[in-house]
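From first to last, the protein sequence lines are chains A and B. full-length UniProt numbering puts the first residue of the first sequence at 1, with every later residue one more than the last. full-length UniProt numbering puts the first residue of the second sequence at 1, with every later residue one more than the last. Note that the Cβ used here is the ideal one computed from N, Cα and C, for glycine as well. Report on the following structure.
2 protein chains.
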Amino acid sequence: MKNILFDFISKYVSLSEEEKNVLLSLDLFHTVKKGTILLEEGQKSNDSYFVLKGCIRTYYIIDGDEKTTAFYTELDAYTPHCVINKAPSEYFISCVEDGIILIADENMSADVNSKFPKFEIMCRKLSEELLAKKQTDFDEFKTSSPEQRYLNLIQKRPDLVQRVPQHQLASYLGIKPQSLSRLRARIIEKKN
Amino acid sequence: MKNILFDFISKYVSLSEEEKNVLLSLDLFHTVKKGTILLEEGQKSNDSYFVLKGCIRTYYIIDGDEKTTAFYTELDAYTPHCVINKAPSEYFISCVEDGIILIADENMSADVNSKFPKFEIMCRKLSEELLAKKQTDFDEFKTSSPEQRYLNLIQKRPDLVQRVPQHQLASYLGIKPQSLSRLRARIIEKKN
DNA sequence: AAGATTTGTTCACTTAAGTTAAGAAATACT
DNA sequence: AGTATTTCTTAACTTAAGTGAACAAATCTT
Numbered sequence: 001m002k003n004i005l006f007d008f009i010s011k012y013v014s015l016s017e018e019e020k021n022v023l024l025s026l027d028l029f030h031t032v033k034k035g036t037i038l039l040e041e042g043q044k045s046n047d048s049y050f051v052l053k054g055c056i057r058t059y060y061i062i063d064g065d066e067k068t069t070a071f072y073t074e075l076d077a078y079t080p081h082c083v084i085n086k087a088p089s090e091y092f093i094s095c096v097e098d099g100i101i102l103i104a105d106e107n108m109s110a111d112v113n114s115k116f117p118k119f120e121i122m123c124r125k126l127s128e129e130l131l132a133k134k135q136t137d138f139d140e141f142k143t144s145s146p147e148q149r150y151l152n153l154i155q156k157r158p159d160l161v162q163r164v165p166q167h168q169l170a171s172y173l174g175i176k177p178q179s180l181s182r183l184r185a186r187i188i189e190k191k192n
Numbered sequence: 001m002k003n004i005l006f007d008f009i010s011k012y013v014s015l016s017e018e019e020k021n022v023l024l025s026l027d028l029f030h031t032v033k034k035g036t037i038l039l040e041e042g043q044k045s046n047d048s049y050f051v052l053k054g055c056i057r058t059y060y061i062i063d064g065d066e067k068t069t070a071f072y073t074e075l076d077a078y079t080p081h082c083v084i085n086k087a088p089s090e091y092f093i094s095c096v097e098d099g100i101i102l103i104a105d106e107n108m109s110a111d112v113n114s115k116f117p118k119f120e121i122m123c124r125k126l127s128e129e130l131l132a133k134k135q136t137d138f139d140e141f142k143t144s145s146p147e148q149r150y151l152n153l154i155q156k157r158p159d160l161v162q163r164v165p166q167h168q169l170a171s172y173l174g175i176k177p178q179s180l181s182r183l184r185a186r187i188i189e190k191k192n
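So, in structure tokens, the structure goes:
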């Protein structure tokens with residue numbers, strides 16, 4: 001797990017042994033069980049996540065039912081909105097599978113960032129990159145139909161379709177579970 | 001214009017006079033005419049934008065017609081994806097109105113960031129904030145209907161509905177111009 | 001293993017968006 | 001000012017998503 005983390009970091013900055021040891025002294029790694037709720041609606045939090053293994057999802061409860069809006073899997077980093085704006089969370093975060101998650105408290109990060117400017121640089125680069133990518137994903141979503149979005153998902157994140165329940169995928173695609181079922185049947189129909 | 005910029009920056013870090021002077025020495029401010037194209041599809045660029053006055057939009061050309069996916073107005077900062085991934089742009093950026101735009105070349109930013117860690121911190125905070133907000137906007141988009149999205153837009157960015165052509169708004173809302181017309185008629189109908 | 005719950009599919013019906021086309025209104029152009 | 005172009009609306013028709021319900025399949029639970 002350490003290696004996975006350091007390999008990831010090395011894409012942004014190169015760490016000395018000392019810096020690596022500082023990170024390892026922080027008790028960042030957590031094993032989580034499927035179904036564990038990491039954050040609840042209404043709750044405040046200072047935790048950012050980095051998925052080493054497994055899958056976590058964010059979901060809202062609107063009119064009584066779940067709307068899943070995002071999945072984070074291996075090597076995905078994620079800071080919830082409530083950490084940034086210091087307000088109660090508007091959504092839940094839970095674990096789709098058993099996994100290993102790195103959890104970094106904001107005070108921790110601030111500490112490390114002020115001691116090692118390298119981390120500050122890494123965080124900036126990573127955020128800039130994720131922001132650009134998020135915007136592109138959003139663009140793609142806006143400019144395509146549910147069917148195109150599903151086909152696109154099969155291409156870009158084929159694992160998700162396997163590891164995540166259909167009804168969660170449906171809201172991730174901005175539609176109802178029944179529509180996803182129908183849409184899939186339609187695609188198979190077209191192939192023949 | 002200088003004051004607008006420094007007021008904005010002061011929300012993230014406090015600058016010394018020296019640091020302010022460094023910024024002002026960089027020839028960042030540009031007046032732009034409505035219709036000016038800042039970036040074309042296929043083109044490479046290192047420029048980030050900060051809108052002091054006016055409105056810029058990003059749009060794709062898909063099957064021959066424009067799909068507008070984002071608007072940036074007063075105090076919005078924006079770095080195109082092609083700057084981050086060093087690849088040719090997949091979309092255009094153009095000016096919706098006459099305006100004043102701050103344009104920062106990446107070399108410039110790198111220079112300033114390495115001389116003044118404060119800027120690095122500001123960029124990290126700003127990116128983190130924008131990323132969190134973008135995700136929330138995306139969530140909202142996914143979990144609502146075109147009509148809800150339009151009503152939401154009237155609440156949150158009422159200026160946009162005034163200053164931007166309907167057909168650009170339509171693709172921003174993920175629908176066709178005719179559907180936006182119909183949807184607006186439907187809303188007015190409901191009021192009576 | 002039996003029963004309960006969650007998950008996924010199908011169907012009939014409703015609602016709204018996509019499509020194509022025509023025309024009105026506003027804006028830009030010379 | 002008059003013409004051309006762009007922008008916006010309306011309408012009829014098509015297509016696909018939303019809704020509610022029933023059922024099948026898979027998965028917990030005990």
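Could one say the Cβ of residue i lies closer than 8 angstroms to chain A's Cβ atoms, at least one of them?
i	result
B/Y150	no
B/S45	no
B/T73	no
B/A70	yes
B/D139	yes
Name, please, each residue of chain B whose Cβ falls closer than 9 angstroms to the Cβ of residue i.
i	result
A/Y12	Within chain B, no residue comes near A/Y12; the closest Cβ sits about 12 angstroms away, beyond 9 angstroms.
When you compare the CB of residue i with every CB in chain B, is at least one pair closer than 8 angstroms?
i	result
A/S109	no
A/A170	no
A/I84	yes
residue 206 of chain A	A question about residue 206 of chain A goes unanswered here, because the residues of chain A that appear run from 1 up to 192.
A/D7	no
Taking residue i as the reference, give the member of the options with the closest Cα.
i	options	result
B/A110	B/S16, B/L23, B/V96 and B/Y150	B/L23
B/Y72	B/C82, B/E66, B/K53 and B/G64	B/K53
residue 195 of chain B	B/D27, B/Y12 and B/S14	Since the first and last residues shown for chain B are 1 and 192, residue 195 of chain B lies out of range.
A/D63	B/C123, B/H167, B/K190 and B/S144	B/S144
A/Y172	A/L130, A/P146 and A/A132	A/P146
A/R149	A/S16, A/Q162 and A/G174	A/G174
A/E128	B/I84, B/Q178, B/K190 and B/C95	B/I84
A/E97	A/E18, A/L5, A/K11 and A/P165	A/P165
A/Q135	B/Y59, B/R182 and B/I187	B/Y59
B/A132	A/K156, A/S89 and A/M108	A/S89
A/A87	A/G99, A/L39, A/D76 and A/I56	A/L39
A/V32	A/S10, A/D47, A/Q168 and A/C55	A/C55
B/K190	B/Q155, B/L151 and B/E18	B/L151
A/G35	A/S14, A/L160 and A/G99	A/G99
B/D47	B/A70, B/E106 and B/P177	B/E106
A/N113	B/I188, B/S16 and B/E120	B/E120
A/S25	A/P117, A/M108, A/Q43 and A/K118	A/M108
residue 204 of chain B	A/T68, A/S10, A/Y78 and A/A77	Nothing can be reported for residue 204 of chain B, as the shown portion of chain B is limited to 1 through 192.
Beta strand (DSSP E) containing residue i: first to last residue?
i	result
B/L102	G99 to D105
B/E66	D65 to Y72
B/L26	From DSSP, B/L26 is part of no beta strand (DSSP E); its letter is neither H nor E.
A/V51	D47 to K53
A/L38	I37 to L39
A/S14	A/S14 -> no beta strand (DSSP E), and no H or E assigned at all.
B/F141	Segment P117 to K142 is the alpha helix (DSSP H) holding B/F141; no beta strand (DSSP E) there.
A/S94	F92 to C95
Which chain B residues sit within Cβ distance under 7 angstroms of residue i?
i	result
A/L130	L131
residue 197 of chain A	Nothing can be reported for residue 197 of chain A, as the shown portion of chain A is limited to 1 through 192.
Can you pull the chain A neighbours of residue i, defined as C-beta to C-beta under 7 angstroms?
i	result
B/I93	Chain A residues near B/I93: none, gap ~12 angstroms exceeds 7 angstroms.
B/S127	R124, S127, E128 and L131
B/H81	A132, Q135 and T136
B/I62	T143
Contact check, residue i vs residue j under 8 angstroms by CB: the rounded distance?
i	j	result
A/E140	A/Y91	No, A/E140 and A/Y91 are not in contact; Cβ-Cβ is about 22 angstroms, not under 8 angstroms.
A/L126	A/F29	In fact, because the Cβ distance is near 19 angstroms, the residues do not count as touching under 8 angstroms.
A/S45	A/C82	6 angstroms
A/M122	A/Y12	4 angstroms
A/L169	A/L180	6 angstroms
A/K20	A/F8	13 angstroms between Cβ atoms; not a contact.
B/H167	B/P158	Contact flag wrong, Cβ pair sits at about 19 angstroms.
A/P80	A/I61	Not really, about 16 angstroms apart at Cβ, beyond 8 angstroms.
With respect to the alpha helix (DSSP H) encompassing residue i, which residues constitute its N-terminal and C-terminal limits?
i	result
A/T58	Per DSSP, A/T58 belongs to no alpha helix (DSSP H); it is in the beta strand (DSSP E), I56 to I62.
A/L173	No alpha helix (DSSP H) contains A/L173, which DSSP labels as neither H nor E.
A/R149	P146 to K156
A/V83	H81 to N85
For residue i, go through chain A and note every residue whose CB falls closer than 8 angstroms to its CB, in chain order.
i	result
B/P117	P117 and E120
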